[in-house]
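Heads up: the structure comes next, in structure tokens.
2 protein chains.
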Amino acid sequence: MAYSIGQVAQLTGLSTHTLRYYDKYGLLPKVQKNSAGLRRFTEDDLNLLNLIECLKSTGLKLKDIRHYIDLMQQGERTLSERYQIFLKQKQSLLLRQQELLRNMEKLDFKIRYYKTALKYGEANVYKKNKQLASDRARLFAKF
Amino acid sequence: MAYSIGQVAQLTGLSTHTLRYYDKYGLLPKVQKNSAGLRRFTEDDLNLLNLIECLKSTGLKLKDIRHYIDLMQQGERTLSERYQIFLKQKQSLLLRQQELLRNMEKLDFKIRYYKTALKYGEANVYKKNKQLASDRARLFAKF
DNA sequence: GATTAACTTAGAGCGAGCTTTAAGTCAAGA
DNA sequence: TCTTGACTTAAAGCTCGCTCTAAGTTAATC
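Quick mapping for you: the protein sequence lines, in order, are chains A and B. Going by my numbering, the first sequence opens with residue 2, and the numbers climb by one from there. Going by my numbering, the second sequence opens with residue 2, and the numbers climb by one from there.
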């Protein structure tokens, strides 16, 4: 089963422009063209797009994704370099997770702040809510 | 206690260029200048930079951050709009958290894939490790 | 045969967020 | 007084990741 670029755009949420851009950039080395010169995407290409999306959203740049895809094309001898890329990427995702939790705390603080402010006015927030006063010091006075 | 732009750069990890850019862009409306025209940053300014960093890293654009800071300047009558911004931001962060976990699964899959491949060769991964075969279908064959 | 719609290419353009440049001011120390 | 170094400004330049344009091809339908 093969898909046209328009179908892939629908399936992935990427635009046809973006798909052509990725292809030209070297992210989709296996995409074939039919006799009319139209791209035919396979399931493997879709899985690769899925992975590209994952790598992109975990912070890898297109250039680095292209490097990884180049390595895949080179076969078994690049196995350990590819393995290292994912180990490193996992570490960076763990850091992001921690950062996300810290940011969640800050947003939660702001939400409690505004709840209190809506009740008592901004001038009275830290008088009315001592917990907020202490959380503020903990979360924002880092310098 | 006031800080020079260079000190703030050190404390925050932002460049002096970026700090001036933020100021000019309207993210730091309260930063004063001394008689020589040099910026003097207060603790409040540092806390605001901390918040800007948080909003930025949870996906808000500088334009939207500026809008929030404009609202702060307008006082109490914008309280509920500011509250809404944080409620919305919290929702978007929860979505990011889910996406992060999905991506973590995919990275873990790849790590297990390469561990197996390094042992048995890429040609044998799915023969040697049936769990990987099923995880692959689950994680990447979404289309 | 003409129209339509989906595709093709090369290449220009765009928005975000910095980053650098060029030219100048200022204050402290040798 | 001269130099040094940290600052100031306005504005140009840069990278990334698209996004759009212009001109053309192809295949199916009226």
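Even glycine gets a Cβ: it sits at the ideal position worked out from N, Cα and C. Given the structure is predicted, the values throughout are model-derived calculations rather than measurements.
Alpha-carbon spacing of residue i relative to residue j, whole angstroms
| i | j | result |
| --- | --- | --- |
| R40(A) | F141(B) | 21 Å |
| L20(B) | D71(B) | 18 Å |
| E106(A) | L133(B) | 36 Å |
| L108(A) | V9(B) | 23 Å |
| V126(A) | R113(A) | 10 Å |
| L56(B) | N130(B) | 43 Å |
| E44(B) | K91(A) | 35 Å |
| S135(B) | Q99(B) | 22 Å |
| L119(B) | T79(A) | 10 Å |
| A3(A) | L28(B) | 50 Å |
| R67(B) | Q75(A) | 47 Å |
Rounded distance between the beta-carbons of residue j and residue i, thought under 8 Å
| i | j | result |
| --- | --- | --- |
| E123(B) | E77(A) | 6 Å |
| L101(A) | L94(B) | 7 Å |
| F42(A) | Y115(B) | Contact flag wrong, Cβ pair sits at about 25 Å. |
Three-state secondary structure (DSSP) of residue i
| i | result |
| --- | --- |
| Q75(B) | coil |
| K120(B) | helix |
| K91(B) | helix |
| K25(A) | helix |
| K128(B) | helix |
| K34(B) | strand |
Endpoints, alpha helix (DSSP H) assigned at residue i
| i | result |
| --- | --- |
| A3(B) | From DSSP, A3(B) is part of no alpha helix (DSSP H); its letter is neither H nor E. |
| K131(A) | K131 to F141 |
| L49(A) | E44 to S58 |
Any chain B beta carbon closer than 8 Å to residue i
| i | result |
| --- | --- |
| S16(A) | no |
| I145(A) | In the structure as shown, chain A begins at 2 and stops at 144. Residue 145(A) is therefore absent and cannot be evaluated. |
| N135(A) | In the sequence under discussion, the amino acid at residue 135(A) is Ser, which differs from the Asn named in the question. S135(A) does not count as touching chain B. |
| I112(A) | yes |
| D118(A) | Checking the sequence shown, residue 118(A) turns out to be Ala, not Asp. For A118(A), the answer is yes, since a Cβ of chain B falls inside 8 Å of its Cβ. |
| L94(A) | yes |
| N48(A) | yes |
| Y84(A) | yes |
| S81(A) | yes |
| Q33(A) | no |
Test: residue i CB closer than 8 Å to a CB of chain A
| i | result |
| --- | --- |
| M105(B) | yes |
| A142(B) | yes |
| L72(B) | no |
| G7(B) | no |
| K91(B) | yes |
| A10(B) | no |
| R139(B) | no |
| Y121(B) | no |
| Q132(B) | no |
| S58(B) | yes |
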